[in-house]
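Participant: Dropping a structure here in structure tokens format, bear with me for questions.
Protein chains in written order, with this note's numbering: chain V, 1153 to 1310; chain X, 1153 to 1310.
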């Protein structure tokens, strides 16, 4: 299938954001994407980069990406967190997600992490089965909590 | 109660790790703490710091901490992630956790984050009630997945 996996560059960001938007549309939440190319340039290629990414490329274009950053476990130290794996719809079911996952796993080792982490939706059985092949630990006891900037600003005003 | 909240310094790390160990013992998992002061110095105060922390201090000693770092949402950009709030057992129920939470929330705004995130155990009702007062969004659809270094090394060998 002629897929190459390589590190993402600044010039890949417009296409990366297209893939991010494609996934959001697929999940029926396009309005949730408030990120921009300019913001991603600053956050990923500025003075203190917050994230990194790998891309999967065929002869013509980028067809997938994995985006990651570091987390810090008070118990276990530096961990790689895999935020997203995205493969464009028409290129799915060819193993491109696995190539991206394995490259990211290797990067966690190269970066001296004590482990890697990610999340999966509890109803996403194909993904869960994929991760079970790696004998990943799955833990559904935790609830994700979040506050948005606007709520936080209102809280601080009080 | 004379509690001061301030940014954590390198010299606070031995006490910080004591608090981390105290929590692990309380959770009956002391053997899970493989982190060390030296490692925390490198990870928090080296060339590329991965985390930051606030401490709560009374006249005598540090009695609590909150530890945080940046996460990156492909949809929403830079987010503060609150990894842990710890208050030493004998100083609980005086609002020290709230002081640490509010200081961390303020730091998320000061650091130009689009929001903040954390996790709570689904059976921890007092904590959940506390977060509901902030009108935090709670989402229990996600499963935490992880691989440890040893598993990853074995995988790469194949």
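All C-beta atoms in this analysis are idealised placements derived from N, C-alpha and C, irrespective of residue type, glycine included.
Identify which residue in 1183/V, 1252/V, 1187/V and 1265/V has its Cα closest to the Cα of residue 1304/X.
Facilitator: Measuring from the Cα of residue 1304/X, the nearest candidate turns out to be 1265/V.
Participant: On a Cα-Cα basis, can you pick out the residue from 1244/X, 1254/X and 1307/X that is closest to residue 1278/X?
Facilitator: Of the candidates 1244/X, 1254/X and 1307/X, the one whose C-alpha sits nearest the C-alpha of residue 1278/X is 1244/X.
Participant: Provide the residue(s) that pair with residue 1158/X in DSSP beta bridges, ordered along the chain.
Facilitator: Residue 1158/X is bridged to 1207/X.
Participant: Could you tell me whether the Cβ of residue 1098/V comes closer than 8 Å to any Cβ of chain X?
Facilitator: What the structure shows of chain V is the stretch from 1153 to 1310, and residue 1098/V is not part of that stretch, so it cannot be assessed.
Participant: How big is the Cα-Cα spacing for residue 1232/V and residue 1172/V?
Facilitator: Spanning the two alpha carbons is a distance of roughly 20 Å.
Participant: Put residue 1283/X into one of helix, strand or coil per three-state DSSP.
Facilitator: Helix, per DSSP.
Participant: Name, in chain order, the residues that DSSP records as bridge partners for residue 1100/V.
Facilitator: Residue 1100/V lies beyond the stretch modelled for chain V, which goes from 1153 to 1310, so this question has no answer here.
Participant: For residue 1174/V, which residues in the same chain have their Cβ closer than 8 Å to its Cβ, ignoring the five residues on either side in sequence?
Facilitator: Same-chain partners within the cutoff: 1238, 1240 and 1241.
Participant: Can you check which of these residues, 1164/X, 1221/X, 1170/X and 1301/X, is closest to residue 1202/X by C-alpha distance?
Facilitator: The candidate whose alpha carbon is nearest that of residue 1202/X is 1221/X.
Participant: Between the alpha carbons of residue 1200/X and residue 1158/V, how many angstroms are there, rounded?
Facilitator: About 23 Å.
Participant: I'd like to know whether the C-beta of residue 1301/X is nearer than 8 Å to at least one C-beta of chain V.
Facilitator: Chain V contact via Cβ: present.
Participant: Where DSSP assigns a beta bridge to residue 1220/X, which residues make up the other side?
Facilitator: For residue 1220/X, which the question treats as bridged, DSSP gives the partners 1204/X and 1234/X.
Participant: What residues from the segment 1193–1204 of chain X come within 7 Å of chain V, judged by C-beta to C-beta, listed N to C?
Facilitator: Per Cβ criterion, the list reads 1195, 1202 and 1203.
Participant: Cβ of residue 1261/V less than 8 Å from any chain X Cβ?
Facilitator: Cβ-Cβ to chain X under 8 Å: yes for residue 1261/V.
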